[in-house]
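To keep things clear, I will list the structure first and then write my remarks on it.
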Ligand SMILES: [Mg+2]
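In our numbering, the protein residues as written are 27 to 367.
Laid out in structure tokens, this is it:
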């Protein structure tokens, strides 16, 4: 039996102390972290970026297959990803959780271990937060503060006619991972001694349960002196993110179906599930890749970078937004979001 300490034995202040002890401040912009009524931050000659994300048990994560440490890691990562999508650097987070009686002190330590691991890897300070008891389930809200030079911020609204559309990594794997986990959950509910076999599918699970934010891509673009004209992270699906850029930039989009980067495991799983692979890659969310546009003039420079695919181009707004199929036919891009097929 694992050790179980009821949260009531520590009380709220005791719990916060336990979860936030020994935090070492990493960033000069953090003047005061946990331990006073408010954190104190100082940003010299920088623009300050703020983003927040709310995750509810049963809606955004399922603890029957997602370990608490991974849930914590992901809660932090999705916020970092939004800061990178502005071309910024995440600096601080605050973490607020609502906890039902089902959870013990050890459970909360697992959750915070995940959050702190993400902070250590991405160089972010946890500077505050709140905990409260809740009637049911687990709720996590993370707010992230980031910084960027004023002239380096990349908005969704900067794409121009003739720009090239690029995306990092590959798409659809997180969605396939979710389908896989949901299927195994349904199977294991029927069978008592069911042991799922995920061999050969590790990448899909990792993409769903423990995604990464593309700090490396932001650093690589900066090093190559390439400033995207517009950018967004792929949290809801490629289609809907492209349409956000189209709308905010007042442009049209041409996306080539055969250019969408898809991992081998994603393709194999789509086949096993008899699902349309392109639909999954277009509409499956949670990949946390970066989707951005660049001027035609730097096309060659971007093509030389590893881990970035050129997937289409920007047109004038009157030409609309379309997917160009393998046969050359054009289908309107629609924001299908999360509805599975
Ligand atoms: Mg976003």
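We treat Cβ as the ideally placed atom computed from N, Cα and C, and that holds for glycine.
Cα separation between residue 33 and residue 40? Your numbering for residue 33 matches position 7 in the chain shown. Your numbering for residue 40 matches position 14 in the chain shown. Cα-Cα distance, rounded: 9 Å.
With a threshold of 6 Å on Cβ separation, who are the neighbours of residue 183 within its own chain once the five nearest residues in sequence on each side are excluded? As a first step, residue 183 is located in the chain shown; it is residue number 157 there, counting from the start. Correct list, in chain order: 274 and 275.
Close Cβ partners of residue 222 (< 8 Å) along its chain, the five nearest in sequence each way excluded: Counting from one through the chain shown, the residue named residue 222 turns up at place 196. So the list reads 210, 213 and 214, once near-sequence residues are dropped.
DSSP state of residue 146 mapped onto helix, strand, coil: Residue 146 sits at position 120 when you count from the first residue of the chain shown. In this structure, residue 146 counts as helix in the three-state DSSP scheme.
Do you know how far the Cα of residue 208 is from the Cα of residue 166? Walking along the chain shown from the start, residue 166 turns up at place 140. Walking along the chain shown from the start, residue 208 turns up at place 182. Their Cα atoms are separated by approximately 22 Å.
Ignore the nearest five residues each way along the sequence and tell me which others in residue 156's own chain have a CB closer than 6 Å to its CB. Position 130 of the chain shown, counting from 1, holds the residue named residue 156. Taken in chain order, the residues that qualify are 122.
Heavy atom of ligand 1 less than 7 Å from the Cβ of residue 265, yes or no? In the chain shown, the residue the question calls residue 265 occupies position 239. Residue 265: no, Cβ never under 7 Å from ligand 1.
Can you tell me whether DSSP reads residue 277 as helix, strand or coil? The residue given as residue 277 occupies position 251 in the chain shown. Reduced to three states, the DSSP call for residue 277 is coil.
Would you mind listing the beta strand (DSSP E) stretches within the stretch 96 to 153 that are 3+ residues and don't spill past its ends, in chain order? 115 to 125
Length at least 4, wholly inside the stretch 246 to 293: the alpha helix (DSSP H) runs in chain order: 264 to 275
Per-residue DSSP class, three states only, for residue 366: Here residue 366 is taken as the residue at index 340 of the chain shown, counted from 1. Confidence in residue 366 is poor, its pLDDT being 41 and thus under 50, which makes the residue's placement unreliable; the coordinate value appears in the next sentence. Residue state, collapsed to three classes: coil.
Assuming contact is defined by CB atoms lying nearer than 8 Å, are residue 307 and residue 198 in contact in what I supplied? The residue labelled residue 307 in the question sits at position 281 within the chain shown. The residue labelled residue 198 in the question sits at position 172 within the chain shown. Their beta carbons are under 8 Å apart, which means residue 307 touches residue 198 by this criterion.
Which of helix, strand or coil DSSP assigns to residue 188: Position 162 of the chain shown, counted from the start, is the residue given in the question as residue 188. Coil at residue 188, not helix or strand.
So, do the stretch 136 to 152 and the stretch 78 to 98 have three or more beta carbon pairs nearer to each other than 8 Å? yes
What's the C-alpha gap between residue 358 and residue 193? Stepping through the chain shown from its first residue, residue 358 is reached at position 332. Stepping through the chain shown from its first residue, residue 193 is reached at position 167. Straight-line Cα distance between these residues: approximately 20 Å.
Rounded separation between residue 288 and residue 305 - CA only: Looking up residue 288 in the chain shown gives position 262. Looking up residue 305 in the chain shown gives position 279. C-alpha separation (whole angstroms): 12 Å.
Would you say residue 49 faces chain D, with C-beta separation under 8 Å as the test? Among the chains in the structure shown there is no chain D, since it carries only a single protein chain.
Would you check whether ligand 1 has a heavy atom nearer than 7 Å to the C-beta of residue 361? Your numbering for residue 361 matches position 335 in the chain shown. The answer is no for residue 361.
In three-state terms, what does DSSP make of residue 359? In the chain shown, counting from the first residue as 1, residue 359 sits at position 333. Residue 359: coil per DSSP, three-state reduction.
Of the residues 319, 127, 345 and 237, which one's Cα is nearest the Cα of residue 147? Counting from one through the chain shown, the residue named residue 147 turns up at place 121. Looking at the Cα atoms, 237 is the closest of the given residues.
Classify residue 367 as buried or exposed, calling it buried when 16 or more other Cβ atoms lie within 10 Å of its own Cβ. Residue 367 sits at position 341 when you count from the first residue of the chain shown. Only weak support is given to the placement of residue 367: the predicted model assigns it a pLDDT of 37, under 50, and the value that follows is read from those uncertain coordinates. Its Cβ having fewer than 16 others within 10 Å, residue 367 is exposed.
Measuring alpha carbon to alpha carbon, tell me which residue in 327, 290 and 150 is nearest residue 239. For the purposes of this step, residue 239 is taken as residue 213 along the chain shown, with counting starting at 1. The shortest C-alpha separation from residue 239 is found at 150.
Curious, which full-length alpha helix (DSSP H) runs of at least 4 residues does the stretch 33 to 66 contain? 37 to 46
If you measure from each residue's Cβ to the nearest non-hydrogen atom of ligand 1, which ones come out under 7 Å, in chain order? 107, 108, 111, 258, 259 and 261
Spell out a yes or no on whether the stretch 72 to 82 and the stretch 103 to 111 are touching, meaning 3 or more CB-CB pairs, one atom from each, closer than 8 Å. yes
Would residue 258 be called buried (16 or more neighbouring beta carbons within 10 Å of its own) or exposed? Numbered from 1 along the chain shown, position 232 holds the residue referred to as residue 258. Residue 258 is buried by the Cβ-count criterion.
Between which residues of its own chain and residue 361 is the CB-CB distance below 7 Å, once the five residues before and five after are set aside? Within the chain shown, the letter at position 335 stands for residue 361. Result list for residue 361: 265, 266 and 269, in chain order.
Examine ligand 3 and report whether any of its heavy atoms sits within less than 7 Å of the Cβ of residue 359. Among the ligands modelled here, namely ligand 1, ligand 3 does not occur.
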